[in-house]
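S.K.: This is the structure I have questions about; it appears just below.
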Amino acid sequence: MYSKVLRQLEVLQADLERIDPARESDASDKVAEMAVALRRLMRRVATPDDLAAPETTLATTGQAAG
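Residues in the sequence shown are numbered consecutively from 1, following this note's numbering.
Right, here's the structure in full:
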């Protein structure tokens, strides 16, 4: 499991390095997407027993995940 987590972190880091700061609107959208991905990844690490469980969404719980 941790090798998958490390790989996902490497992918996020590579994405971050490709962001062009001169294109602020694109950069802010990409950083927001990455923040969501990182939060999901952190939840997986915090609850490894739930790794196989589907993600909880607003539609299924009535509350925002986060």
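The beta carbon of each residue, even a glycine, is placed where N, CA and C say it ideally should be. Please read all numbers here as calculations on a predicted model, not as lab measurements.
Taking C-beta to C-beta, are Leu38 and Leu12 nearer than 8 Å?
M.R.: Yes.
S.K.: Over the uninterrupted alpha helix (DSSP H) stretch that includes Ala46, give me the two end residues.
M.R.: It spans Glu24 to Ala46 - the alpha helix (DSSP H) in which Ala46 sits, taken as one unbroken run.
S.K.: Between the alpha carbons of Val31 and Tyr2, how many angstroms are there, rounded?
M.R.: Going from the Cα of Val31 to the Cα of Tyr2 covers about 23 Å.
S.K.: Restricting to Cα atoms, I'd like to know which of Met34, Ile19 and Ser25 is closest to Leu9.
M.R.: Among Met34, Ile19 and Ser25, the Cα nearest to that of Leu9 is on Met34.
S.K.: I want to see whether chain C comes within less than 8 Å of Ser28, judged by CB atoms only; does it?
M.R.: In the displayed structure, chain C is absent; only one protein chain is listed.
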